[in-house]
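Residue numbers (our numbering): 13 to 260. Beta carbons: idealized from backbone N, C-alpha and C, even for Gly. Notes follow once the structure below has been shown.
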């Protein structure tokens, strides 16, 4: 009987979330994008960007509240301390929910993502609006263009985030970081804010769209200066070990 109740609860939660999520994103989100464009037209891009990021941050929070999932944040420092500097958030990747988690509970940043994410329904529209950059590693010309765009955004003081594993985990453990995945912050000497995400894979696992409520823990580490490392590999290994150490 308890097992049946649990299964029925999961089904109800899944239906509830997807109906609510779709309505919230498609209807409310479309309205927000329209308002953002109007603000940009009448008041300029900076005010439009500020408005959009505030709304997106609230969207990220509401996504987890809608699922009944508690998010616990542990901070070594406040991101406001480096608000006037460009930085890149580097996180492990457990679930599709990692993006709204970062947007709502860490900072409403753009993402450095693989080209495939640009084709993702609904979510791609909003992370594009936040200044995300999509890299097509199979096309050297387009990849080089994307890198120039990233450099430009960072020089403007933008904040970005990336998942160096390149894909989601199946069991919650941190997968090896892709070779060269931290070359951008290393080459351009951009501060890295490492974070550990623990628990989102238990809410929705890769290849499965059933939802199971689970608490989520986020650890935000002190920023790291890439120039303190001999090469990208040393930087990559250090951050991998740091992030992995917080997976319970």
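With a cutoff of 8 Å on beta-carbon distance, residue 175 and residue 144 are scored as not near each other. Per DSSP, residue 58 is one residue of the alpha helix (DSSP H) stretching across 57-79.
Looking at the DSSP output, residue 122 sits in a beta bridge with 172. Here residue 236 has 204 as same chain residues with Cβ atoms under 6 Å from its own Cβ, once five neighbours each way along the sequence are excluded.
Here the alpha carbons of residue 98 and residue 167 stand approximately 7 Å from one another. With contacts defined as CB atoms closer than 8 Å, residue 208 and residue 104 qualify as a contacting pair.
In the DSSP assignment, residue 164 falls outside any beta strand (DSSP E) and within the unbroken alpha helix (DSSP H) covering 152-167. In this structure, DSSP gives residue 203 an extended state, which the three-state scheme calls strand. In the DSSP secondary-structure assignment, residue 137 is not bridged to any residue. Assignment of residue 87 by DSSP, reduced to helix, strand and coil, places it in the strand class. Note that the C-beta distance between residue 149 and residue 189 is not below 8 Å. By the criterion of a C-beta distance shorter than 6 Å, residue 52 is surrounded in its chain by 60, once the five residues flanking it on both sides are discounted. About 10 Å separates the Cβ atoms of residue 138 and residue 72, ruling out a contact at the 8 Å cut-off.
Assignment of beta-bridge partners to residue 231 by DSSP yields 86 and 208. Under the three-state reduction of DSSP, residue 215 is assigned to coil, being neither helix nor strand. Rounded to whole angstroms, the gap between the alpha carbons of residue 197 and residue 96 is 17 Å.
The criterion of a C-beta distance shorter than 8 Å is not satisfied by residue 159 and residue 251. Of the candidates 184, 142 and 131, the residue whose Cα lies closest to the Cα of residue 119 is 142.
Excluding sequence positions up to five before and after residue 69, its CB lies within less than 7 Å of the CB of 115, 116 and 120, all in the same chain and listed in chain order. Exclusion of the five residues before and after residue 83 leaves 76, 117 and 228 as the residues of its chain whose Cβ lies within less than 6 Å of its Cβ. Cβ-Cβ distances below 7 Å link residue 129 to 136 and 146 in the same chain, with the five nearest sequence neighbours on each side left out; the list follows chain order. In the same chain as residue 243, and ignoring 5 residues on each side of it, the C-beta atoms closer than 8 Å to its own belong to 198, in chain order. Here residue 221 carries a coil assignment [DSSP, helix/strand/coil]. Taking C-alpha positions only, residue 152 is separated from residue 192 by approximately 15 Å. Under the three-state reduction of DSSP, residue 100 is assigned to strand.
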